[in-house]
Amino acid sequence: MKKIKEVIVVEGKDDTKQILKAVNADTYETNGSALSEVDIARLKKLQATRGLIVFTDPDFNGERIRKMISNAIPGVKHAFIRRDQGVPEFKGSLGVEHATPEVIRTALEKLYTQATAENREITSADLKAAGLTGKTNSRYRRERLGQILGIGYGNGKQLLKRLNMFQIRRDDFENAVQRLDQEEIK
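Each residue of the sequence shown is one higher than the one before, counting from 850 in the numbering used here.
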């Protein structure tokens, strides 16, 4: 089983159990959507000594935690699963704890590092030209683009921020848009 050197930040003990089915890793559980100053201080220390991978649920609270950590701690890595990969089989809420070990391993192989200084390679005009904003099917196209690039879903403003924050190169963006266009033709 692959050993992950960084500490993986998850929301709860069930996420930890599922992560450990996929990889050998240490986790830090936030135990909910609120992070205290003590949590942030601990996470800063872990980032400095081992590095962090933020792997939160693909829902509102997961995104909230991801933003809190990203704003407080520069240079953390991010792993994402799609919403459909975190759906419970029977009951419960959407989350990493419902992802298969294979989905978790794939997400951990496709990490994004938050840029400390945002590189504005992609603009809002690029999103509009690609039909990611301003069209009736833009929401679907943004969701699918986020899946293709592995950066999760966001509205137009959030998507633009993520594309630049995770330093998605223009050619990778254009290739993903081209793939999206080809899928829509079929």
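For glycine and all other residues, C-beta sits at the position ideal for the given N, C-alpha and C.
Using only the alpha-carbon positions, how far apart do residue i and residue j sit?
i                  : j               : result
alanine 883        : alanine 890     : 14 Å
phenylalanine 1022 : arginine 932    : 21 Å
lysine 852         : isoleucine 868  : 11 Å
valine 903         : threonine 876   : 10 Å
threonine 949      : aspartate 863   : 13 Å
valine 858         : isoleucine 953  : 13 Å
methionine 911     : isoleucine 1034 : In the sequence under discussion, the amino acid at residue 911 is glycine, which differs from the methionine named in the question. So the two alpha carbons sit approximately 33 Å from each other.
threonine 898      : isoleucine 1017 : 26 Å
threonine 865      : glycine 1003    : 25 Å
asparagine 986     : glutamate 878   : 37 Å
phenylalanine 1015 : glutamate 958   : 15 Å
threonine 955      : alanine 978     : 30 Å
asparagine 1024    : arginine 1011   : 17 Å
glutamine 934      : arginine 988    : 19 Å
Going by DSSP in three states, residue i sits in which element: helix, strand or coil?
i             : result
leucine 960   : coil
threonine 865 : helix
lysine 936    : The amino acid at residue 936 is misidentified as lysine; the sequence shows valine. In the structure shown, valine 936 sits in coil (DSSP, three-state: anything other than H, G, I, E or B).
tyrosine 877  : strand
glutamate 946 : helix
leucine 901   : strand
valine 925    : coil
lysine 893    : helix
valine 856    : strand
threonine 985 : coil
valine 872    : coil
Assuming the contact rule is C-beta atoms closer than 8 Å, residue i and residue j should be a hit. Round their C-beta distance to whole Å, please.
i                 : j             : result
arginine 991      : leucine 981   : 5 Å
phenylalanine 929 : glycine 1001  : 4 Å
serine 973        : leucine 1009  : 6 Å
glutamate 970     : arginine 1019 : 5 Å
asparagine 880    : glycine 861   : 6 Å
Please determine, among the options, the residue with the shortest C-alpha to C-alpha distance to residue i.
i              : options                          : result
leucine 976    : Asp908, Glu951, Val1026          : Val1026
threonine 962  : Arg954, Leu901, Asp1020, Ile914  : Leu901
isoleucine 922 : Gln896, Asn873, Val887           : Gln896
glutamate 855  : Lys862, Thr905, Lys926, Lys916   : Lys926
glutamine 1031 : Phe939, Leu994, Gln1016, Arg954  : Leu994
glycine 941    : Gln1007, Ala956, Asp906, Gly1005 : Asp906
alanine 870    : Val945, Glu886, Arg988           : The sequence shown places lysine at residue 870, not alanine. Considering only alpha carbons, the answer is Val945.
valine 936     : Met917, Gly924, Asp908, Ser919   : Asp908
Let me see if you follow: with CB-CB separation under 7 Å, is residue i close to chain D or not?
i            : result
tyrosine 961 : Absent from the structure is chain D; it holds one protein chain and no more.
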